[in-house]
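Undergrad:
Okay, structure coming up:
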């Protein structure tokens, strides 16, 4: 069964700079990611033609995904995958599906949430979290106090609700950038976290 | 990384008979599938409480998916996965995604089509096929002669167009049965066809 | 007031075989229907270019529509008409509207359900049945336990719920075949069951 | 086959005055309609609790439907039926479907247009007219010069386009009044125009 | 900051008669409005090529908007603005937004309701009124007794519910006429009622 | 005509820190904005409970809105207003509508674009820009090469297309944060740029 490698020209509809062309700070970050992951996730290369935007993107991403809080790292990735599924974003579902499998230590969960979170092997509390993320993504103008009350009944604090909202909103932005640029996920992501270790 | 085995009680919201309770003809078919695949796809067990319906389902399925014709077996599975994605059917995307990977000898294609066929690593002709299947699934009442003309320009015959239509229509039915029954895909399907052999 | 007879060429966008070209088993079934109804419903002719599919279609149809069960024959036809209305299927609304009028012995009910089941002259229990059929047709991925509970409160058993689901799903398939083929209902159907006898 | 007569209490969710309670001008109009049609269409009774609104409604109706112009009386009714189908208005489809059958001298056409005008036994020019009426009804804010050009190519003048627009708009209002009031069509309408004379 | 005056040719896609060409009764009404408002609202000019329709339009408008009743004049305008926002009608939002600001003596309320009535600075009772108007506008076929009950709990009578319905329905018609004709609001409307007096 | 001042408690559903509680860098930025604008736009206060996110938000905002490029500052604000209108975001339409009026030196344009950009007093090129922004906002997964070609025909470069995409995507995020937090625009924004100077 063959893997079809992505040629560089297919990473994005927009220009993709080489590492040498990048500002030092960005190149060093990318090299650090390369070192850690074993490959360079294409999102870094696809956004790199706009260094200021990439810096802000990374800062915002880390402020939401690397911060302390009640939501577990796996739960944050669940929100990313559920949001990206609504927006039909190839890059984000494949890449963050891999991260979700790893963080949740659950080989099946990313595919399940990408298809229909209502049937995924997650808790009722997590389903409520994703139902809210879905509303943030699709109809945020209709969110009312009752939505907050429902989440509170599942034990979510105001801080948690902000986290769910901000993660869904940030990746909604990311989905649009990836969809318009036709950003291609690295082949490595497809299989990460699927095998027992 | 753990696999979470499905207990029998989770296969369906409706009664699931044991093999011994089944009519002989159905039991023999299921045992043959078990022999060949190494496991019993849950769809057989989930539909078995209605033997007459299961027999018609299998006959219809085979008439569409096992017949000769211009559409390749992989292309038929592409239609199944694209249709099931619109209907957000967990069972059908997971099970037929596996079959698609195997038939297309392509490890990534099922995930790509399940997310957004427009960005999948397939031909323009196959994208036209899936665009039509999408219209059959979502707005068949608006299909007009121009749709047939577009397909003809891609080399599809009248017989091919019927095949696309009938496969999309049949699996639209299957999607609804699986969604309402909350039919669970066997864990085996998730990883089939993902690894080079 | 004139009736505009359908020329054979208008029955379907796909080939329509003559009776003589058909396999014996199918021809005999069609002749029996002709004998009983006084005309040959076009669906038989429009599907006959695919004998294996037609056989499976008829077997599935009869397994759902001719079986014993709590749902009355009229109620089964209500589900067909309500489903076909959502999918805007000319053949199915006209043909099954006629059958519904006859089975319900109610001259107005088919038009009412085809327009808006909420305002039809049916029971609250039947409205709950059609509300569920509508969800099966339009958003089956969101069906949850609460849907089952609502139906149970109206006295529907698990077997009844399967029947509603399977009828809505099967005719959703039929609607798509008829829409794409532009299958034309026989003129006879339009007036059947409208007059007091 | 029984006809289920509508008791007066079912004509509308709102108060229905008796003829004696009505202002003289309105009572005389209603009595003239009764004389001519053989029954009183319920719309007159359902709107009569608001005499000023009923007078304006009738004046507007007649200005659009009784005026001279290129659109035939049957074509005007086609627009009414197509619009009412989108809005799922029981009263308007049943009552104006009857008028359409009579004016078009075509027993099948109203049911066909109510289901899907694209498959109705009408001309391409009439389909273009109804496609525009559908856009007026569902997405009038997106109508652009190209819509006007398409209609001009089918021979429609500016005056005709205004007629199509105004009829679709007026009956869109009527549909909402009938839907909210749950206005019930007279049983007589269901069968009018269905039989050869 | 410049105001861009509308040349007469931009008022509508359809013919716009001069005052001298109009029937006397209509000209006198328009001159009276001119006298009172200081300018002629374009809707009069844009509808004037159809005098009978304009007369019916004005009569219907006044029957709904000038009548006595529990709904305040400002509340009636709220319904107009909320309905017109759903239909994205430039003329109606700008013109009736101005009237709403004046009648409500509230400089911000029209913009708020045009964007999202749920967040507007109005009472819960008024939000219930607009939620119902939204349902009348977007999905009147699904309105049921529970909608009436909800309004009754907010103190609305049957007469009030008819008013809400009829205003939403009438301006839904008006929105479609204005959208198709590309009716342009007078520049004067944009700023009316925005400044403290 | 009264202005209804917003009490601090109504700025957001989430905690709003006082200036003294903020990190020095953020407080200094806010004080500089206050100095320049004459008031503190509520978005700064509503996001300030999350300093890291606010810093990334401001950096991203400035990278998109303050950068050089072919799109004029007014055009960038047009994209913001059109996007925010789709998402029905009160804060963003009111605040950026004001900025748009000022940057475009056009008192009417913001209201027009917020209602329906197709009817706004802008160029065909700007309408193409907003049509693309609308697709980015509502259906980015369907964007194809033909969308890029259409924009190129209007003279937009690849860099311009990225700008349109990124601005629509960023403010789609901002819209969701504002909608969920029920962020309230300062009253000052409503009237800015409406009067000739």
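Protein chains in written order, with our numbering: chain A, 827 to 1023; chain B, 827 to 1023; chain C, 827 to 1023; chain D, 827 to 1023; chain E, 827 to 1023; chain F, 827 to 1023. Ideal placement from N, C-alpha and C gives every residue a C-beta, glycine not left out. The structure displayed is predicted, hence computed values, not measured ones.
1. Excluding the five sequence neighbours on either side, which residues of its own chain have a C-beta within less than 6 Å of the C-beta of residue 831/F, listed in chain order?
2. Could you name each continuous alpha helix (DSSP H) segment of 4 residues or more that falls completely within the segment 929-970 of chain D, going from the start of the chain to the end?
3. Can you tell me the Cα-Cα spacing of residue 847/C and residue 876/B, whole angstroms?
4. Using a 10 Å radius around the Cβ and a threshold of 16 neighbouring Cβ atoms, would you call residue 828/B buried or exposed?
5. Residues of chain D with CB under 8 Å from residue 944/F, in chain order?
6. Would you tell me roughly how many angstroms separate the C-alpha atoms of residue 855/E and residue 862/E, rounded to the nearest one?
7. Within 10 Å of its beta-carbon, does residue 938/E have 16 or more other beta-carbons around it, so buried, or fewer, so exposed?
8. Roughly how many angstroms separate the alpha carbons of residue 943/B and residue 1008/A, rounded to a whole number?
9. Can you tell me the Cα-Cα spacing of residue 989/E and residue 941/F, whole angstroms?
10. Of all Cβ atoms in chain C, is any one closer than 8 Å to the Cβ of residue 907/B?
11. Give the secondary structure of residue 992/E by DSSP, where H, G and I count as helix, E and B as strand, and everything else as coil.
12. So that I know if they touch, is there some Cβ in chain B lying closer than 8 Å to that of residue 833/A?
13. Restricting to Cα atoms, I'd like to know which of 927/F, 1021/F and 883/F is closest to residue 899/F.
14. Here's the rule I'm using: 16 or more other beta-carbon atoms within 10 Å means buried, otherwise exposed. How should residue 970/A be labelled?
15. For the 8 Å Cβ check, are there 3 or more pairs between the segment 995-1004 of chain F and the segment 988-1005 of chain A?
16. Tell me which residues share the same chain as residue 843/F and place their Cβ nearer than 6 Å to its Cβ, disregarding the 5 neighbours each side in the sequence.
17. Assign residue 810/F to one of three DSSP states: helix, strand, or coil.
18. Let's test the definition: count the other Cβ atoms within 10 Å of the Cβ of residue 991/C and tell me whether it reaches 16, buried, or not, exposed.
19. Could you please give the first and the last residue of the uninterrupted alpha helix (DSSP H) stretch that includes residue 850/B?
20. Our contact map puts residue 872/E next to residue 837/E with C-beta atoms below 8 Å; I'd like the distance itself, whole angstroms only.
21. How should residue 913/C be labelled, buried or exposed, when 16 other C-beta atoms within 10 angstroms of its C-beta is the threshold for buried?
22. Would you grab the beta carbon distance between residue 896/B and residue 934/A for me? Rounded to a whole angstrom, and I think it's under 8 Å.
23. In chain order, what residues of the same chain have a beta carbon less than 7 Å from the beta carbon of residue 834/C, not counting five sequence neighbours either side?
24. Three or more C-beta pairs closer than 8 Å, one from the segment 953-964 of chain C and one from the segment 914-923 of chain C: is that the case here?
25. Hey, residue 908/C and residue 960/C: beta-carbon distance below 8 Å or not?
26. Against chain B, with Cβ distances strictly below 8 Å, would residue 1005/C count as a contact?
27. Quick one: grab the DSSP three-state call for residue 1018/E.
28. If you compare alpha carbons, which of 840/C, 857/C and 925/C is closest to residue 1018/C?
29. Specify the secondary structure class of residue 909/A as computed by DSSP and reduced to three states.
30. Is the CB-CB distance between residue 929/E and residue 903/E below 8 Å?
31. In chain order, what residues of the segment 992-1018 of chain D put their CB closer than 7 Å to some CB of chain C?
32. Using a Cβ-Cβ cut-off of 8 Å, state whether residue 879/A counts as contacting chain F.
33. So, is residue 965/B buried or exposed, given that buried needs 16 or more other C-beta atoms within 10 angstroms?
34. May I ask which residues mark the beginning and end of the alpha helix (DSSP H) holding residue 882/F?
35. Identify whether residue 1009/D lies in helix, strand or coil by the three-state DSSP scheme.
TA: Judging by the given coordinates:
1. Because the pLDDT at residue 831/F is just 42, under 50, the model does not fix this residue reliably, and the value given afterwards should be weighed accordingly. The answer is none, since no qualifying residue turns up.
2. 935-941 and 950-965
3. 34 Å
4. For residue 828/B, the predicted structure reports a pLDDT of 39, less than 50, and the residue's modelled location is therefore unreliable. The matter cannot be settled from this model.
5. 967, 968 and 970
6. 11 Å
7. buried
8. 12 Å
9. 25 Å
10. no
11. helix
12. Here residue 833/A scores only 42 on pLDDT, less than 50, and its place in the model should not be relied on; the value that follows carries that caveat. No, because no Cβ of chain B sits closer than 8 Å to the Cβ of residue 833/A.
13. 927/F
14. exposed
15. yes
16. 874 and 875
17. For residue 810/F there is no data in the structure shown, the boundaries of chain F being 827 and 1023.
18. buried
19. 850-863
20. 6 Å
21. buried
22. Not confirmed; about 35 Å, so no contact.
23. Because the pLDDT at residue 834/C is just 43, under 50, the model does not fix this residue reliably, and the value given afterwards should be weighed accordingly. 842, listed in sequence order.
24. no
25. yes
26. yes
27. coil
28. 925/C
29. helix
30. yes
31. 1008, 1013, 1016 and 1017
32. yes
33. exposed
34. 877-891
35. coil
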